[in-house]
Amino acid sequence: MKTITTTFRLTAVAAALIAAYGSASAQDDEIKQLTEPDSSISVGAGYWSNDRQQQGVFDGMRDDHGYALIDADVVKRDDATGTWFKFKGDSLGLESRKISVEVQQQGNMGGFVSYSRIPRESPLEIRSGIRGVGSERMTISGAGASALPFHDVDLATYRDLIHVGFSKNLLKDVDLKLSFKNEEKNGSRHWGMGSQPLFIAEPIDSTTQQLDVTLEYSGEKLQVAGGYAGSWYRNQNDMAFALVNGAAQPGSTSSPNPAPLSLPLDNEAHQFFLNAGYSFTPSTRGTLKVSRSVATQDETIPSIGLAAPNNAFVGAPSKLDGEIVTSLVELGLSSRPTSKLSLNANLRYHDVDDNTPLFGFVGNNTTRAVTVHNTPHSYETKSGKVEASYLLPERFKLIGGVEFKDQDRSAPKFVDERYVPFAESIEETTYRLQLRRSMSETLNGSIAFLHSSRDGSARVSPHDPEIFDAINPLHIADRTRNKWRLSLDWAPVEAFSMQFNVEDSHDDYQRENDRPFGLKDGRATLVSIDARYAFSDNWQVTGWASHDVTRAKQLAGRWARDSDEFSDINLVKDADLKDTGNSVGLGLRGALTPKLKIGADLEWTRTESSYDEDTTVTGTLPVFPTSSGVTGRRLPDIENRLTRLSMFARYAIRKNADVQLDLIHERWKTDDWSWSFADGSNFTYGTTTDGTTVSIKPKQTANFIGARYIYKFQ
3 MKTITTTFRL TAVAAALIAA YGSASAQDDE IKQLTEPDSS ISVGAGYWSN DRQQQGVFDG
63 MRDDHGYALI DADVVKRDDA TGTWFKFKGD SLGLESRKIS VEVQQQGNMG GFVSYSRIPR
123 ESPLEIRSGI RGVGSERMTI SGAGASALPF HDVDLATYRD LIHVGFSKNL LKDVDLKLSF
183 KNEEKNGSRH WGMGSQPLFI AEPIDSTTQQ LDVTLEYSGE KLQVAGGYAG SWYRNQNDMA
243 FALVNGAAQP GSTSSPNPAP LSLPLDNEAH QFFLNAGYSF TPSTRGTLKV SRSVATQDET
303 IPSIGLAAPN NAFVGAPSKL DGEIVTSLVE LGLSSRPTSK LSLNANLRYH DVDDNTPLFG
363 FVGNNTTRAV TVHNTPHSYE TKSGKVEASY LLPERFKLIG GVEFKDQDRS APKFVDERYV
423 PFAESIEETT YRLQLRRSMS ETLNGSIAFL HSSRDGSARV SPHDPEIFDA INPLHIADRT
483 RNKWRLSLDW APVEAFSMQF NVEDSHDDYQ RENDRPFGLK DGRATLVSID ARYAFSDNWQ
543 VTGWASHDVT RAKQLAGRWA RDSDEFSDIN LVKDADLKDT GNSVGLGLRG ALTPKLKIGA
603 DLEWTRTESS YDEDTTVTGT LPVFPTSSGV TGRRLPDIEN RLTRLSMFAR YAIRKNADVQ
663 LDLIHERWKT DDWSWSFADG SNFTYGTTTD GTTVSIKPKQ TANFIGARYI YKFQ
C-alpha cells in the first residue's frame, strides 16, 4: 500500500485572508457590544448593625436599619431609526438616589431628564431644648424654671435636582442644545447667634435655577459655540428669629430678644458667551473665548423695617442694588512647526467690575454718623502662558513654560474700617521645566520642577497702623514657591503594572520686618504607589499606598481689643501646624469556579493634625486663660482612623442572572476635641441661658450584610 503524504503550506494570500477574517470577527464582537450593549437590573436589601454618623454622610446609610438596594442600567437601540433609549438608576432605595432617562436619535435630535437627591446629614450629636427647628422662628430653651425639656436635634439638608436637556440638528454641522436645571434645597444647618453663645439652626428653603442655550457649528476647520447662560437664586426664608424662653422682650441693645439673623437674599446672573476654534493648518490651531455676565442682587433688605433695638441705621438703604459685571477674553494658539517641536500660547483677560453703590449700613441714629460701609471690590487680571516641548535623542522629551499673572485690585475706601493691610496690585510668575523619557517599552518616567514668585505693591495700611499693619495676610503676601514632581509607570509583563508618584512643594512667605504676623513658610509632600498583578485570567490582586504631609509655620500675636500700639502685644505664638495622612488599600478578585466569583477590599486610613506652639509672654494676660475654674492647655493632636473590610461573592444561577452577597466591617475612631471644653467635657452653649450640648461619637463600629439579585439582558 502506498502512503501519500500531503503538506499544506501557509501562503501569503492564505495568511492575509485569515488575518482579515479574524480581525473582522473581533470587530464584529466590538460592534455588537456597542450596538447591543448589556442591560441589567439589580434588586436586593441590606442591613447595618449600628449607627454610623460619620461614614454614613458619604453613602446615605447612616442609621442601624435595613435599606433597599435597587439599581438599573437599561440600554436599547432601534436599528431601523438609529434611536437609542437609556435608563439608569443608582441607589433607588436610598436617600442618595439618581435617575436618568435619555432618548437620542443619531444625527437628528434627542433629549434627557434626570433627577438626583443629595442628602447631607450632620454627624454631630446635639441635645437641646430648642423649638421650631426648620422654621424662621425658634425658641431657645432658657434657664431655670422656664427651661424647655431637652431632646435630640438631627440636622440635615437635602438637595433635589431636576435636569432637562434637548438637542436638535438644525442644519448640516449646526446643532442647538438646551439645558435647564432646577434645584430645591431644604433642611436645617448648624448655626449660632454670633453675639451670644446660643444655639439655633439655619432654616434652608431655597431654589436655584439655571438655563443654558447653545448653538454649535462644527466645520472642517472652524468650530463655534455661542449662547446664553442664566441663573436665578430664590430664598423662601428672609430672616431667622430666636426667642430665649422666659426672657424679656425685646430686651436690650446688647442682648436683643428676639434677635434677627438675615438669610441669603435673592439674586440672579446672566451671561452671553462665544467659544471658537480654527485650524489654520493641519498643525496650527487657534482658539477664542469671549463672555460677559451681569450678576444682580436687588431684593429689599428684610430687616429694614424692624423696631428698636433691632431697627436699621437711618442712613441705610432699603436695597443693596448690587451689581457685578464680569468680562472675559481668552486667546490661544497651538502649533507643531516641526515633527519634534510643539508650541502652545495663551492670553487671558478677566475683569470683575463691582458696580454696587457704596452705602453706610451701621451708624449712630442720633448723630447719623456712619461707622461701617459695604465694601464693593473690583479686580482686573491679565494672565498668559507660553509652553514648548521638544523631542530629544534617546526618547527624551523636554517641556518648558512660563506663566504670568498681573492683578489690579480696588482697596476699601474708608481707612478706619480696615483691619489688615491691602495690596492694590499683585504679580505672579511661574516657570515650569519637565523632562519625560520612555526608558523602554515597559518603563516611562518624568520629572518636573516649578518655580513661582508672587510680589505685591506697597501695602495700603489700615487704621491704627502701628498694630494692625503688623499683619501680613496670606492671600496677598509675597511668596516664593518651589515644587517637584516625579512619576514612573512600569509594566514589565502583561500581568503586572505599577505607578509611582512623588510631589514636594515648599512655600516661603517673605515677610517684611514691620509685618511679622502671618504665615512664615509652608510645605506639602505626597508619595503614592499603585500596583496590579494578575496571577491568571481568573485571579488578580491590586494594592495602593499613599503618604502625605502638609506643614505651615506661622506667627500670631494677642493684644487687648482697644490697643493701638505695637508695644501692647502681650503674647506671641510661634506655631508649627502639621497634617499627616497615611492610607493603604488591598484588593482581590477571583473566580473559584466558572459560576462563582469572589472579591475582597481592605482599606486603612489614618490622619493626624498637630498644633505645636511656642508662646512668649510679654504682658500680664495668661498664656492659657482660665474660665469657670478650668485652666486651658495646649491644643492636643487630633487623630482619625478608618478601617474598612468589604467582601462579596457572586454566583451565576443562570446565564443571565446572578445573586450576590456583600459583607462589610467598618471601624472609625477619632479623638477630635473641636466640640469639647479644655477638661474634655462636651461643648455647651450658654449654660445659664441655653444649655445645648454638642458632641461627636468618638468610636463608631458597624457591620453590613446585603444580598441582591442581578438580571442581565439585551
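Per this note's numbering, the sequence shown starts with residue 3, numbered consecutively.
All residues carry an ideal CB built from backbone N, CA and C; glycine is no exception.
What's the C-alpha gap between residue i and residue j?
i	j	result
Ser1	Leu452	With the chain represented from 3 up to 716, any question about residue 1 goes unanswered, as that position is not in the structure.
Phe502	Thr527	14 Å
Leu594	Ile600	7 Å
Asn376	Phe363	7 Å
Asp466	Val422	10 Å
Leu19	Asp81	Low local confidence applies: a pLDDT of 43 at Leu19 is under 50, so the model's placement there is unreliable, with the coordinate-based value given in what follows. Taking the straight line from one Cα to the other gives about 30 Å.
Ile698	Arg122	16 Å
Gln108	Trp86	8 Å
Asn247	Phe152	13 Å
Pro378	Ser678	38 Å
Ile43	Ile72	8 Å
Ser499	Ala704	34 Å
Arg517	Lys407	24 Å
Glu505	Tyr69	42 Å
Ala497	Thr544	11 Å
Val388	Asn348	7 Å
Gly232	Lys183	10 Å
Arg236	Asp207	9 Å
Ile469	Ser463	10 Å
Tyr713	Asn658	6 Å
Leu557	Trp675	23 Å
Thr209	Glu186	5 Å
Pro199	Phe706	40 Å
Leu173	Gly592	52 Å
What would DSSP say about residue i, mapped onto helix, strand or coil?
i	result
His477	helix
Ile469	helix
Ile206	strand
Ser98	coil
Ile666	strand
Gly307	helix
Val59	helix
Asp356	strand
Asp523	strand
Gly688	coil
Gly144	coil
Asp175	coil
Asp323	coil
Asp300	coil
Measure from the alpha carbon of residue i to the alpha carbon of each residue in the options, then state which is nearest.
i	options	result
Gly58	Ser442, Lys399, Pro125 and Val105	Pro125
Ala310	Ser329, Leu290, Asn367 and Tyr713	Asn367
Ala271	Ser329, Asp674, Gly708 and Ile306	Ser329
His508	Thr552, Asp539 and Pro494	Thr552
Ser683	Asn171, Thr691 and Val696	Val696
Ser51	Glu668, Ser380, Ser412 and Arg236	Glu668
Gly717	Met140, His549, Asp162 and Asp576	Examination of residue 717 is not possible in this model, given that the chain is present from 3 through 716 alone.
Ser391	Ile449, Pro414 and Leu345	Leu345
Lys342	Ala425, Lys291, Arg483 and Lys399	Lys399
Ser116	Lys223, Gly693, Ile101 and Pro464	Ile101
Gly194	Arg129, Lys78, Leu263 and Ser427	Leu263
Ile666	Asn658, Trp675, Thr686 and Gly708	Gly708
Thr691	Gln273, Gly144, Arg483 and Tyr160	Gly144
Asp268	Lys321, Leu637 and Ser336	Lys321
Taking 8 Å as the CB-CB limit, is residue i close to chain B?
i	result
Tyr433	Looking for chain B here will not work: only one protein chain is present.
Looking at residue j and residue i, is the spacing between their C-beta atoms short of 8 Å?
i	j	result
Glu325	Thr298	yes
Glu138	Asn239	yes
Val374	Gly317	no
Tyr381	Asp410	yes
Phe519	Arg461	no
Ser448	Arg456	no
Thr289	Gly334	yes
Asp491	Gly458	no
Thr609	Asn642	yes
Met241	Ile202	no
Starting from the N-terminal side, write out each stretch of the alpha helix (DSSP H) that is 4 residues or longer and does not extend beyond the segment 218-276. As far as the segment 218-276 is concerned, it has no whole alpha helix (DSSP H) run of at least 4 residues.
Let me know the beta strand (DSSP E) ranges lying completely inside the segment 379-459, each 3 residues or longer, listed in chain order. Complete beta strand (DSSP E) runs here, min 3: 381-394, 398-411, 427-440 and 445-458.
Runs of beta strand (DSSP E) wholly within the segment 641-686 (minimum 3 residues, chain order)
If only uninterrupted beta strand (DSSP E) runs of at least 3 residues are considered, those enclosed by the segment 641-686 are 659-672.
Can you list the beta strand (DSSP E) stretches of 3 or more residues lying completely in the segment 108-132, in chain order?
111-123 and 127-130, all fully within the segment 108-132.
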